[in-house]
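K.L.:
This structure is in structure tokens; I'll ask about it shortly.
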Ligand code: ADP
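Residue numbers (full-length UniProt numbering): 9 to 310.
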């Protein structure tokens, strides 16, 4: 069983010919409402990969709140621990996409910003009876640190996707079983350049030395780089035709978590995550792009 503690957002995607200049009003082409938020995306990925998944988070008391919870339930995610928040809006991402493909994004934390360390105490038992807890950084840092503390009192594995990368990274944040940044986040967290494979190894090692038991840096089309007490190695991706890489990282970590708790073999779990990430990259959108267990296994065994 996996529990995800994290953000739940409604993404409002507006398409337009070009971004408006300050003071300008333009007609947009379309508006699309899509469920998102890194926490919710990872919960959906883990559920699609065959996991028994619960979500801890907050939504607002607006119309989006109910739709966000229903969307998660439709993917089989247990939402008993998702709390509606009085006098608060749901987390929102306002995403403008130009015809050129360029995007501009504003995020309103809304109810995600109200998920407190006290809330986490309420759900202590759920965290401690789960095999793994998945965390990201779209909820307050103090909340994330409390989850790490509670999980470390027992056998629950902590998997942290450090996105968005924090400007300052306390060492407590690295006391996790697995941290899986992408290249930019790894550079920001380690303060080191991350371009060549040698640099990737050095950045991964530095996060390992600061306390993370396993470090996995995701490398897009190249796959993922694992560093732990066995040293470093590259686990290559599955070649694919990219359509939209939105949430490839969320697909990767959700599926990895499920396979890791099933087999206790992290390299195998990374290959499983690579397959899930590559499937998500071939489809449009975040949550609708997640592959099913059968699809992931087909690619993974190929
Ligand atoms: P993020 O979306 O967080 O930036 P990445 O782009 O590194 O993360 O992607 C996460 C994982 O998804 C990669 O490790 C890889 O397994 C898979 N993936 C992403 N892009 C591609 C691609 N172009 N081809 C194949 N696999 C991909």
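Don't be surprised by glycine CBs; every beta carbon is placed ideally from N, CA and C.
(1) Compare the Cα-Cα distances from residue 162 to each of 105, 124, 305 and 137 and report the closest residue.
(2) Mind checking whether the beta-carbon of residue 112 lies closer than 8 Å to any heavy atom of the ligand ADP?
(3) If you count every other CB in all the chains shown that lies within 10 Å of the CB of residue 49, and 16 or more means buried, which is it?
(4) Terminal residues of the continuous beta strand (DSSP E) containing residue 53?
(5) Around the Cβ of residue 279, are there at least 16 other Cβ atoms within 10 angstroms (buried) or fewer (exposed)?
(6) On the three-pair Cβ rule with 8 Å, is the stretch 259 to 270 touching the stretch 50 to 60?
(7) Under the criterion of a Cβ to heavy atom distance below 8 Å, does residue 286 qualify as lining the ligand ADP?
(8) For the alpha helix (DSSP H) containing residue 116, list its first residue and its last residue.
(9) Taking the C-alpha atoms as reference points, what is the distance between residue 153 and residue 144?
(10) If you scan the stretch 96 to 159 from start to end, which runs of the alpha helix (DSSP H) of 4 or more residues do you find wholly inside it?
(11) For residue 283 and residue 88, I'd like the C-alpha separation in whole angstroms.
(12) Taking 8 Å as the cut-off, is the beta-carbon of residue 259 closer than that to any non-hydrogen atom of the ligand ADP?
(13) Would you decide whether residue 265 is buried or exposed? Buried here means 16 or more other CB atoms lie within 10 Å of its CB.
(14) Are there any heavy atoms of the ligand ADP lying less than 8 Å away from the beta-carbon of residue 120, as far as the coordinates show?
(15) Beta carbon of residue 131: closer than 8 Å to some heavy atom of the ligand ADP?
(16) Starting from residue 207, follow the alpha helix (DSSP H) in both directions and report where the run begins and ends.
(17) Under the DSSP definition of a beta bridge, which residues are partnered with residue 258?
(18) Please indicate yes or no: does the CB of residue 190 lie closer than 8 Å to some heavy atom of the ligand ADP?
(19) Under a Cβ-count criterion, where at least 16 other Cβ atoms within 10 Å of its own Cβ denotes burial, should residue 292 be classed as buried or exposed?
(20) Once you ignore the five residues that flank residue 285 on each side, which residues in its own chain have a CB closer than 6 Å to its CB?
(21) Which class does residue 182 belong to by DSSP, given the choice of helix, strand or coil?
(22) Quick one, which of 43, 222 and 53 has its alpha-carbon nearest residue 263's?
(23) Note down the Cα distance separating residue 85 from residue 98, rounded to an integer number of angstroms.
(24) With a Cβ-Cβ cutoff of 9 Å, do residue 187 and residue 159 count as a contact?
(25) Name the DSSP beta bridge partners of residue 92, please?
(26) Residue 209 and residue 15: beta carbons closer than 9 Å?
P.N.:
Result, derived from the coordinates:
(1) On the chain shown, residue 162 is found 154 positions in, with the first residue counted as 1. Selected option, being the one with the closest Cα: 137.
(2) As a working mapping, residue 112 is identified with position 104 in the chain shown. Answer for residue 112: no, Cβ out of range of the ligand ADP.
(3) Taking the first residue of the chain shown as 1, we reach residue 49 at position 41. Buried: at least 16 other Cβ atoms inside 10 Å.
(4) Working through the chain shown from its first residue, we reach residue 53 at position 45. That residue, residue 53, is in no beta strand (DSSP E); its alpha helix (DSSP H) goes 46 to 56.
(5) Position 271 of the chain shown, counted from the first residue, corresponds to residue 279. Buried, because 16 or more other Cβ atoms sit within 10 Å of the Cβ of residue 279.
(6) Result yes; three or more Cβ-Cβ pairs closer than 8 Å.
(7) Numbered from 1 along the chain shown, position 278 holds the residue referred to as residue 286. Because some heavy atom of the ligand ADP lies under 8 Å away, the Cβ of residue 286 counts as near it: yes.
(8) Counted from its first residue, the chain shown places residue 116 at position 108. No alpha helix (DSSP H) holds residue 116; the beta strand (DSSP E) holding it covers 111 to 116.
(9) Position 145 of the chain shown, counted from the start, is the residue given in the question as residue 153. Position 136 of the chain shown, counted from the start, is the residue given in the question as residue 144. So the two alpha carbons sit approximately 11 Å from each other.
(10) 125 to 130 and 132 to 136
(11) Taking the first residue of the chain shown as position 1, residue 283 is located at position 275. Taking the first residue of the chain shown as position 1, residue 88 is located at position 80. Cα to Cα, residue 283 sits roughly 30 Å from residue 88.
(12) Translated into positions along the chain shown, residue 259 becomes position 251. True, at least one ligand heavy atom lies under 8 Å from that Cβ.
(13) Against the chain shown, residue 265 aligns to sequence position 257. Taking every protein chain shown into account, the CB of residue 265 has 16 or more other CB atoms within 10 angstroms, so this residue is buried.
(14) Looking up residue 120 in the chain shown gives position 112. Answer for residue 120: no, Cβ out of range of the ligand ADP.
(15) As a working note, residue 131 is residue 123 in the chain shown. No.
(16) On the chain shown, position 199 is the one that residue 207 refers to. Element bounds for residue 207: 205 to 217.
(17) Residue numbering aside, residue 258 sits at position 250 when the chain shown is read from its first letter. Answer is none; residue 258 lacks a bridge partner.
(18) Mapped onto the chain shown, residue 190 falls at position 182. With a cutoff of 8 Å, residue 190 counts as near the ligand ADP, since its C-beta is closer than that to a heavy atom of the ligand.
(19) Here residue 292 refers to the residue found at position 284 of the chain shown. With fewer than 16 Cβ atoms within 10 Å of its Cβ, residue 292 is classed as exposed.
(20) Position 277 of the chain shown holds residue 285. Closer than 6 Å at Cβ, skipping near neighbours: 256, 259 and 260.
(21) The residue you call residue 182 lines up with position 174 of the chain shown. Residue 182 falls in the helix class under three-state DSSP.
(22) Locating residue 263 in the chain shown gives position 255, counting from the first residue. Minimum Cα distance to residue 263 is reached at 53.
(23) In the chain shown, counting from the first residue as 1, residue 85 sits at position 77. In the chain shown, counting from the first residue as 1, residue 98 sits at position 90. Looking at the two C-alpha atoms, the distance is approximately 18 Å.
(24) Counting from 1 along the chain shown, the entry for residue 187 is found at position 179. Counting from 1 along the chain shown, the entry for residue 159 is found at position 151. Taking 9 Å as the Cβ cut-off, residue 187 and residue 159 do not qualify as a contacting pair.
(25) Numbered from 1 along the chain shown, position 84 holds the residue referred to as residue 92. Looking at the DSSP assignment, residue 92 forms a beta bridge with 67.
(26) Position 201 of the chain shown, counted from the first residue, corresponds to residue 209. Position 7 of the chain shown, counted from the first residue, corresponds to residue 15. No; because the gap between Cβ atoms is not below 9 Å, this pair is not in contact.
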